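Numbering (the UniProt record's numbering), first residue to last: 1 to 284.
Even glycine gets a Cβ: it sits at the ideal position worked out from N, Cα and C.
The structure presented is a predicted model; accordingly, all values stated were derived computationally and were not measured.
These notes are about the structure you will find just below.
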């Protein structure tokens, strides 16, 4: 009897969290799938057809993928460099880490508004450039007529806002690497770059995998920062789902956009799990 109870105990402990996740994720997911594949209660692909034929669909897909393919690599490289710098600090790590993670305490929308105040026509950037004599008057950076400047504005805001979460994950991963490996490499005369490539990166692979998956999924869901800075001048997938639900009152097409985002996020997750799998998983 005791053996049976000990076997059931882990499942009993997990049951409340599983039920909680099912109520907050599984049920809404099923409802969203049903909405996306039906019209007036009848099974149909009309919502997906309408989504693909939407004028902003191509732009939203392009902008979203462009952001993900630009933001995520920059954040991974920056966070890895920052984590290595923290690792080398003899003291004061906690203070520096606290300063670097301040953006994590700011909501997405608030971060977007901060950068809007910097980049708008009469913002701090134009004031500084005008004071230096580099421009003659207010310059519009965030309009549909300046797509490149608008993209870089969103890019900078997103990098500033979310690099800290990658930093925390990678820095925690560095703390788990045994010092004996690096000490052995130093004894055998390995150079710092060789130690980093041959020892640090392979042992950091699980943390890199986690950071890549989390950051990529969240990057595909970017909305508040984009909406605050560019509004409808820079369409993204989540923004189009929001527009179809709020402005057009069309839940079906909004659900189709949501399912597209879910499918892309799951696909990216599978790719990262496969590409960054560890050796025991490869042997299995």
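In the three-state DSSP reduction, residue 270 falls in the helix class (H, G or I). The beta carbons of residue 167 and residue 81 sit no closer together than 7 Å.
Contact between the region 209-223 and the region 119-133 is not established, with fewer than three Cβ pairs separated by less than 8 Å. For residue 115, the enclosing alpha helix (DSSP H) covers residues 108-119. Residue 111 and residue 225 do touch by the CB rule: their CB atoms are close to 6 Å apart, below 8 Å. In this structure, 88 is the residue among 102, 10 and 88 with its C-alpha nearest to the C-alpha of residue 174. Only exposed fits residue 99, as fewer than 16 other CB atoms lie within 10 angstroms of its CB.
Partner residues in the beta bridge of residue 38, as assigned by DSSP, are 43.
Where residue 138 is concerned, there is no enclosing alpha helix (DSSP H), because DSSP gives it neither an H nor an E. Around the C-beta of residue 272, 16 or more other C-beta atoms lie within 10 Å, and the residue is accordingly described as buried. Collapsing the DSSP output to three states places residue 22 in a helix. In the DSSP assignment, residue 95 falls within the unbroken alpha helix (DSSP H) covering 93-100.
Judged by DSSP in its simplified three-state form, residue 123 adopts coil rather than helix or strand.
For residue 158, the enclosing alpha helix (DSSP H) covers residues 147-175. Shown here, residue 197 sits in a helix according to DSSP, grouped into three states. Counting only residues of its own chain and dropping the five nearest sequence neighbours on each side, residue 46 has a CB closer than 8 Å to the CB of 39 and 252. Secondary structure at residue 57: helix, using DSSP grouped into helix, strand and coil. Assigned with DSSP and collapsed to three states, residue 188 falls in coil, not helix or strand. When the Cα atoms are used, residue 72 and residue 121 turn out to be separated by approximately 28 Å.
Taking one beta carbon from each stretch, the region 226-238 and the region 102-118 have 3 or more pairs nearer than 8 Å; the two touch. Residue 199 and residue 182 have their C-alpha atoms some 7 Å from each other. Distance from the CA of residue 185 to the CA of residue 177, rounded to the nearest whole angstrom, comes to 13 Å.
Excluding its 5 nearest sequence neighbours in each direction, residue 50 has C-beta neighbours in its own chain below 6 Å: 253, listed in chain order. Fewer than three Cβ pairs drawn from the region 198-216 and the region 149-158 lie within less than 8 Å of each other, which leaves the two stretches out of contact. Sorting 209, 9 and 7 by C-alpha distance to the C-alpha of residue 277 places 209 at the top. Burial check for residue 261: the Cβ neighbour count within 10 Å reaches 16 or more, so the residue is buried. Residue 113 is positioned such that its CB atom lies no closer than 7 Å to that of residue 141. Three or more Cβ pairs drawn from the region 49-69 and the region 236-256 lie within less than 8 Å of each other, which places the two stretches in contact.
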